[in-house]
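In terms of full-length UniProt numbering, the numbers along the sequence shown are unbroken and rise by one, the last being 319. Report on one structure; see the data block that follows.
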Amino acid sequence: MPSTFSQAFPPAPTFTEKNVGNLEGKVFIVTGAASGVGYELAKLLYGQNGHVYVAARSSEAKVAWLLCSSTWRTFPPSRRPPMNFLQKEDRLDVLVHNAGVMTPPADSKDKLGHDLEMATNCLGPFLLNHLLEPILIRTAQAQSTPDHVRIVWLSSMITASVPPGGIQFDEKSGSPKVLKNAMQNYMQSKVGNLFLASEAAKRLGRQGVISMSVNPGLMKTELQRHSPKMQSVIMGILFKPPLFGAYSELFAALSPNITAKHNGGFIIPWGRFGDIPSTSRKGSSRSRRAVPGLRKSSGAGARRRQNVISEVWCMRAAG
Ligand SMILES: NC(=O)c1ccc[n+]([C@@H]2O[C@H](COP(=O)([O-])OP(=O)(O)OC[C@H]3O[C@@H](n4cnc5c(N)ncnc54)[C@H](OP(=O)(O)O)[C@@H]3O)[C@@H](O)[C@H]2O)c1
């Protein structure tokens, strides 16, 4: 298994736009693609004639030139826009849950009062996924080529700063705890992406949809906007440009080497198969008895907690 060192300093990418071929007729959604890794991925897909939807909350100047194209549209990540998407499109080949936030100011919340990191990194993708699952399944079942309909969940290196059990749940409320250690709080949301990828693989695999989690690598992006200045300077020197992370995502989204037997698996930089670290493996196990994020795993009580993320999002959707 490639080591933490190899994930931090990976070999050159081997799956790039040169390997992708013509994507004409294929439909993609990349969330959080106004900047950083998502922006680079969207450009790569668009450059190969993909029909690319950018899901962005802010319409950054960088994206504006791409919006000129008739095949490039945008919608914010809330409930109504995906419905518009469903009215316009009859297929969705790849959904990339790229949007994310890291270590915002303490006690940052979303509009409904959820911890901002858990909301942005896990709950938002869960809801969007729920809304788009039917079209993903339809696309997979209408195709003669297997294994090409994919969901990509952005995780992280998850070998350091991961709290015990992956996600720490509050026993009373059943919700993930907001952890005082800022990096642990971010990392538990990234472990959440791994669990969501694994769950989606279990539920949708039989219907031909592949779901993968990805550690994109270490790139200098807006993600570090809340990091201390000195740390940011060091990251600027050591980390790679965001295009490299886009190659990790591109591999998960399009590599023909990924097949049904890899469903629920973990991709590491800059596009290689990795193993889920042992600290998080239990929660993402293929066994229906395994309980994401919980050390004690048994019975209906544990299963209920496993579905906490789902429950919270159902409430949000209803709101
Ligand atoms: N960079 C790294 O080294 C690294 C390492 C491991 C994992 N990742 C993961 O890679 C993904 C891409 O990150 P990046 O490095 O490209 O960072 P980025 O440049 O900050 O891009 C993240 C995108 O997510 C969007 N976003 C943030 N909060 C949001 C919210 N509440 N609702 C909707 N969209 C929101 C941002 O939109 P705004 O511009 O409007 O804020 C931005 O477009 C993230 O999931 C991140 O966790 C990155």
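We put the beta carbon where it would ideally sit given N, CA and C, even for glycine.
Proximity of the beta carbon of residue 223 to ligand 1 is indicated: a heavy atom of the ligand is located closer than 7 Å. A straight-line Cα-Cα distance of about 23 Å links residue 275 and residue 38. Relative to ligand 1, residue 95 has its C-beta separated by 7 Å or more from all heavy atoms. Of the heavy atoms belonging to ligand 1, at least one sits nearer than 7 Å to the Cβ of residue 156. Spanning the alpha carbons of residue 24 and residue 130 requires a straight line of approximately 26 Å. Between the stretch 171-187 and the stretch 1-16 there are fewer than three C-beta pairs closer than 8 Å, too few to call the two in contact.
Leaving aside the five residues that flank residue 20 on each side, the residues in its chain whose CB is nearer than 6 Å to its CB run, in chain order, 48, 254. Nearest to residue 100 by C-alpha distance, out of 86, 89, 120, 87, is 120. Here DSSP, grouped into helix, strand and coil, assigns residue 134 to helix. In the displayed model, residue 262 falls within a helix according to three-state DSSP. By the neighbour-count definition (other C-beta atoms within 10 Å, threshold 16), residue 113 is an exposed residue. Looking at the backbone, the Cα of residue 36 and that of residue 242 are separated by about 5 Å. Under the DSSP definition of a beta bridge, residue 31 partners with 55. Non-local C-beta neighbours of residue 271 in its own chain, meaning closer than 6 Å and more than five positions away in sequence, comprise 13, 15, 247, 248, 251, ordered along the chain.
The beta-bridge partner set that DSSP reports for residue 272 consists of 268. In this structure, ligand 1 has a non-hydrogen atom nearer than 7 Å to the beta-carbon of residue 35. With a cut-off of 7 Å, the C-beta of residue 99 is classified as near ligand 1, since at least one heavy atom of the ligand falls inside that distance. Judged by DSSP in its simplified three-state form, residue 212 adopts strand. Here DSSP, grouped into helix, strand and coil, assigns residue 109 to strand.
Here residue 11 is exposed, its C-beta having fewer than 16 other C-beta atoms within 10 Å. Restricting attention to 273, 173, 218, the CA atom closest to the CA of residue 259 is found in 273. Three or more Cβ pairs drawn from the stretch 211-227 and the stretch 140-155 lie within less than 8 Å of each other, which places the two stretches in contact. Two segments are said to touch when three or more pairs of C-beta atoms, one from each, lie closer than 8 Å; by this definition the stretch 196-212 touches the stretch 133-145.
In this structure, the C-beta of residue 239 approaches ligand 1 to less than 7 Å from one of its heavy atoms.
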